[in-house]
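Residue numbers (this note's numbering): 560 to 773.
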Amino acid sequence: MTAPVRRATQLLGGLVLYAASMALLVHAGLGNMPWDVLTQGISRHTGLSFGTVTLLTSVVVLACWIPLRQRPGVGTVANVLVIGLLVDPFLAGLDRLPDPLPLAVRIAMVVVGIVLNALATGLYVGACLGPGPRDGLMTGLVARTGRSVRLVRTSIEVLVVAAGWALGGTVGLATVAYAVAVGPLVHVFLSRLTVPLPSAVDAEPEPTAAPVTR
């Protein structure tokens, strides 16, 4: 498989899996990913679907790139469209499961969702076709403020979780588990899935390339 084909395949596959992982955590009801707490809160107040709010939020975040002088790539646009359009169908499919689900099943969904999210992140970030909107916001703020990635990422996530929780988004143990586990898991997957580029064949994959959520 040629590098361009591999990159395109990884990008698309990663984004599809990312939407699936989001749906798993949302449906489990034990706590969402940080940005999805906000998405769910907005969805509950506006009546818009989760996927629609995801897409619109991505567009708003992308607009914040302009003063930060960030440039989107093909992967950035694909991130907005693929995840925003697919998360609702995945949620609809999960809604066909028996309700309520046993706690053990919901916990299993969280575990699978977190691992799947990390794999999806390794795939689409490793394709090197452009960061997701939230990634670019984080890296842009790091570049403009001179603050550390850890500080900027944590500040963003605390703000969106607080706002989402105030709007009725679900915060729980799964939110904490995701925050703790996804970074190390992404680091493992990204080191194996980054596609070597002609100008950076010997470059070490950048651990901080892992997105805030997407």
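Cβ coordinates follow ideal geometry from the N, Cα and C atoms, glycine included.
Assignment of V754 by DSSP, reduced to helix, strand and coil, places it in the coil class. Going by DSSP, I715 is part of the alpha helix (DSSP H) stretching over V708 to A725. DSSP places S608 outside both helix and strand once states are collapsed to three, so it counts as coil. Here R566 is near V754, since their CB atoms are less than 8 Å apart.
Counting along the chain, V664 sits inside the alpha helix (DSSP H) bounded by residues L662 to G685. The beta carbons of T734 and V596 sit closer together than 8 Å. Assignment of N638 by DSSP, reduced to helix, strand and coil, places it in the helix class. Linking V711 to F649 through their CA atoms gives a straight-line distance of about 31 Å. Rounded to whole angstroms, the gap between the alpha carbons of V670 and G590 is 12 Å.
For L662, the closest alpha carbon among the candidates A587, R751 and L752 is that of A587.
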